[in-house]
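Structure first, then comments.
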Amino acid sequence: MARKFIEKIVTANALLQGDVIYFTKQNVWSRNHQDAIIAHTIEQANELLEKAEQQQDIIVGAYLADVFLDEAKTASPLHFREIFRSKGPSNYFHGKQTKT
Amino acid sequence: MYQYNQFDKHFVANRAKQFRSQVMRRLDGSLSEEEFRPLRLMNGLYLQLHAYMLRVAIPYGSLNSKQMHQLAYIAKKYDKDYAHFTTRQNIQYNWPKLKDVPDILDDLAQVDMHAIQTSGNCIRNVTSDHFAGASIDEIADPRPSAELLRQYSTDHPQFQFLPRKFKIAISGSPNDRAVIKSHDIGLLMKKDERGNLGYEIYIGGGLGRSPFVGKLLKDFLPKADLLPYIEAIMVVYNLNGRRDNKYKARIKILVHESGIEKIKQEVEEHFIEQKQNFKQPSDKLISAINERFKLPNFKQANIDNYEIELKQNAQFSSFVKNNISEHKNKDYSIISVSLKNIGETPGDATSDQMQILANLAKQYSHDELRISHEQNIILPHVHKSDLPEVFKELQKANLATNNIGLISDIIACPGMDYCALATARSIPVAKQIAKHFNELNLEEEIGQLKLKISGCINACGHHHVGHIGILGLEKQGKESYQITLGGEENLSMNIGKRAGPGFSSDELLPAIKRLIEAYLNLRQNPEESFLASYKRLGEKPFINALYPKEEKANVA
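Below is the structure:
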């Protein structure tokens, strides 16, 4: 049996600020992972990544990150690295965690 | 202290100007990220997990108060009011914005500083003994040699596209404090039987995913031959270093695969050739460099107040015991200021702390500071009569932690709290271990112990050479920590041995506790350090302490 596809979102760093951003369905970037458009198939994922990568003038290093969906179908990062990226460092109250 | 001449100043200012134009071209779309990335890396600008990171070189770890003030100013103006000192005597800013970086480089250039060659496949910042120019055990100040190497290697076209990065460290003392055997080239200054100065040379050391202890390449190289000899090594590396595989491209792999005898022979052959044609730096240049590293004019003063304070103030005497080292002038001391305040991030200093240290250096340390590879800050020339006053000022600034060389004086890389390469976090682990042993008041009881933590296999936290090393990895989607034992970082450098399976974040501190308890029970007397006990008894009792259940299972 084929392995179940893990939902994905596209993330990158903003060129100017360097901070973590997520690709949304309006083809713009959000600072919040909950705004990200979710890919439910590998085809959707590749298509999203390709679209996101066209915005090289404002982003750096776009890639796909695995997410899980809660009951309200909002996405949260799966891997601990992505969880840290969505929050900021654990040693100081800096980064994204200050804005939520 | 070395002061830049007009050539150096122009070069650094020009690089900042070039970078400003490169940033503008990236922002207006004329440069793609692919084109821009190597340019920003050449200027020390990385992109990490949450932001850009700017790595600024502190050549051979020496700086003056003006430079330290500027580093503090940059942290305050462009960053989040702090900065991080690294194991390669650099300083890192964790939150600069791309548009601000050209301004930061301009501000650095104003005080003869830069971020050049803090990244990329070039000769990186040459590191040195953090007690250079001050320590009683020094044969010669290694910094003039390090400065000569800096001038020689900076922007040298032959060394801009090496197979991989290249790190050189130099010690002027037989008590190596610069971990020279873990470098691509390690230089140990020594004298021959006639009293002439020169270098013992090690090659092919390194940490990272394939750790190696540097091998002896040359027992004695006369001082004047340094540059042609280094060039001969670089030629051999440039010609033969593997460019087909990033993980096999360091010179350590070449030395390992070719064998030291073959490398020796090739280097000697090239050296003969190099020496004939090499355009040596002029005597004028050499003496100009030496002139800038002259000893300061040491003052003469009565030290009775220091002796009295030692007897009357227990905190002061404890600080002196742990944080003071012997100076070549008997009335002076070297202060190691710990950036390992309990429960805080190893190697971090706030702008205010940097300013205070700059002021203390100006007033009490002949305007000199050093950064150690152990992520502490050194005031190298403090007269003993000034020690009580300096101690008070350090206390006020939360900088008087008296734990140098103890279990809480932990080297830790930024790990996955910042670093894009990391596989696990280091900082919370370091904080947790330091806090635990400090709360139990056990640090002094445990004594000298080097605990080092890296958040990935690249080993910026030097875990391979920690008496206890911790390596953070990922295991089944979770942070996992491997422990290595018996590493050593001086001239008897030894790579620590992996103790066994990794520990989860929750299991790690209990494991370290068991290990330390075992050591306290096993040691012959309180003077026997952890490492000495380990060497005497071997790994078995320590591994049994780390994995008690497995021991029982084996017995059963």
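Chains as they are written, first to last, in my numbering: chain A, 1 to 100; chain B, 1001 to 1556.
Every residue, glycine too, gets a C-beta built ideally from N, C-alpha and C.
All figures in this text were calculated on a predicted structure; none of them were measured in a lab.
From what residue to what residue does the beta strand (DSSP E) around residue i run?
i         : result
B:SER1210 : No beta strand (DSSP E) holds B:SER1210; DSSP gives it neither H nor E.
B:TYR1332 : 1332-1337
A:SER76   : 75-77
B:MET1053 : 1052-1057
B:GLU1474 : 1468-1475
B:PHE1220 : 1215-1222
B:LEU1063 : 1062-1064
B:GLN1158 : Where B:GLN1158 is concerned, there is no enclosing beta strand (DSSP E), given that its DSSP letter is neither H nor E.
A:VAL67   : 59-69
B:SER1454 : 1451-1454
B:LYS1167 : Element bounds for B:LYS1167: n/a, residue is neither H nor E.
A:VAL10   : 8-14
Run through chain A and tell me which residues come within less than 7 Å of residue i, C-beta to C-beta.
i         : result
B:GLU1479 : PHE80
B:TYR1418 : PRO89
B:ARG1425 : SER90
B:LYS1076 : Per Cβ cutoff of 7 Å: no residues; B:LYS1076 is ~15 Å from chain A at best.
B:LYS1392 : The contacting residues do not exist; B:LYS1392 stays about 28 Å from chain A at best.
Could you give the residue range of the alpha helix (DSSP H) that holds residue i?
i         : result
B:HIS1381 : It is not in any alpha helix (DSSP H) - B:HIS1381 instead sits in the beta strand (DSSP E) that spans 1377-1383.
B:VAL1111 : Where B:VAL1111 is concerned, there is no enclosing alpha helix (DSSP H), given that its DSSP letter is neither H nor E.
B:ARG1020 : 1006-1027
B:GLU1443 : 1443-1446
B:ASN1544 : 1540-1546
B:VAL1236 : 1226-1240
A:ARG81   : 80-87
B:MET1416 : Taken as a continuous stretch (DSSP letters only), B:MET1416 belongs to no alpha helix (DSSP H), as it is neither H nor E.
Please return the same chain residues whose Cβ sits closer than 6 Å to the Cβ of residue i, not counting the five positions on each side in sequence.
i         : result
B:ILE1170 : SER1128, PRO1142, SER1145, ALA1146 and LEU1187
B:GLY1343 : LYS1431 and LYS1435
B:HIS1464 : LEU1207, PRO1211, GLY1487, ILE1495 and GLY1496
B:ARG1209 : ILE1457
B:SER1351 : ALA1072, ALA1075, LYS1076 and ASP1081
B:VAL1111 : LYS1066, GLN1067 and GLN1070
B:ILE1263 : VAL1255
A:HIS94   : GLY88
B:ALA1013 : ALA1109
B:GLU1474 : THR1423
B:GLU1445 : none
B:ASN1094 : MET1053 and TYR1418
B:ASP1348 : TYR1082 and HIS1084
Tell me which residues share the same chain as residue i and place their Cβ nearer than 7 Å to its Cβ, disregarding the 5 neighbours each side in the sequence.
i         : result
B:LYS1167 : ARG1124, HIS1183 and ASP1184
B:HIS1270 : ALA1232, VAL1235 and VAL1236
B:PHE1391 : PHE1316, PHE1319 and ALA1400
B:SER1365 : LEU1379, PRO1380, HIS1381 and VAL1382
How would you list, in chain order, the residues of chain B whose beta-carbon sits under 7 Å from the beta-carbon of residue i?
i       : result
A:GLN56 : SER1032 and GLU1033
A:VAL60 : GLU1033 and LEU1047
A:ASN13 : LEU1047
Under 8 Å Cβ-Cβ, which residues of chain B neighbour residue i?
i       : result
A:VAL20 : LEU1049 and HIS1050
A:GLN17 : ALA1051, LYS1097 and LEU1098
Taking C-alpha atoms, which residue in the options lies nearest to residue i?
i         : options                                       : result
B:GLY1198 : B:PRO1157, B:PRO1174 and B:ASN1402            : B:PRO1174
B:SER1153 : B:ILE1139, B:SER1135, B:ASN1121 and B:VAL1179 : B:ASN1121
B:GLU1261 : B:LYS1321, B:ASP1081, B:LEU1339 and B:LYS1215 : B:LYS1215
B:ASP1100 : B:GLN1375, B:GLN1022 and B:LYS1264            : B:GLN1022
B:ASP1028 : A:ILE58, A:GLN44, A:GLU43 and A:HIS79         : A:ILE58
A:ILE9    : A:THR100, A:THR98 and A:ALA36                 : A:ALA36
B:SER1480 : B:LEU1491, B:PRO1501 and B:SER1492            : B:PRO1501
B:CYS1419 : B:LEU1047, B:LYS1009 and B:ARG1150            : B:LEU1047
B:LEU1387 : B:ASP1304, B:GLU1368, B:ILE1453 and B:SER1426 : B:ASP1304
B:GLN1355 : B:ASP1219, B:ASN1064 and B:GLY1415            : B:ASN1064
B:ALA1518 : B:LEU1360, B:GLY1405, B:LEU1485 and B:ASN1544 : B:ASN1544
B:TYR1004 : B:ARG1292, B:ASP1137 and B:LYS1181            : B:ARG1292
B:ILE1104 : B:LEU1221, B:ILE1411 and B:GLY1044            : B:GLY1044
Who are the Cβ neighbours of residue i in its own chain at under 8 Å, not counting the five residues just before and after it?
i         : result
B:GLU1033 : ARG1026
B:PRO1548 : ARG1514
B:LEU1546 : ILE1483, ALA1499, GLY1500, ALA1511, ARG1514 and LEU1515
List, in chain order, every chain A residue whose beta-carbon is nearer than 8 Å to that of residue i.
i         : result
B:THR1345 : ASN91 and TYR92
B:LYS1080 : TYR92 and HIS94
Could you list which residues in chain B have their beta carbon closer than 9 Å to that of residue i, in chain order?
i       : result
A:ARG85 : LEU1049 and HIS1050
A:ALA27 : Checking the sequence, you will find Asn at residue 27 of chain A rather than Ala. What A:ASN27 touches in chain B: nothing, since even the nearest Cβ is about 18 Å away.
So with CB distances below 9 Å, who are the chain A contacts of residue i?
i         : result
B:GLY1029 : GLN56 and ASP57
B:PRO1428 : SER90 and ASN91
For this session: May I have a chain-ordered list of the beta strand (DSSP E) segments no shorter than 3 residues that lie completely inside the region 19-52 of chain A?
Result: 20-23
Exercise. Where in the region 1284-1329 of chain B do unbroken runs of the beta strand (DSSP E), each at least 3 residues long, occur, reported from the N-terminal end onward?
Worked result: 1324-1326
Exercise. Where in the region 1257-1284 of chain B do unbroken runs of the alpha helix (DSSP H), each at least 4 residues long, occur, reported from the N-terminal end onward?
Worked result: 1260-1277
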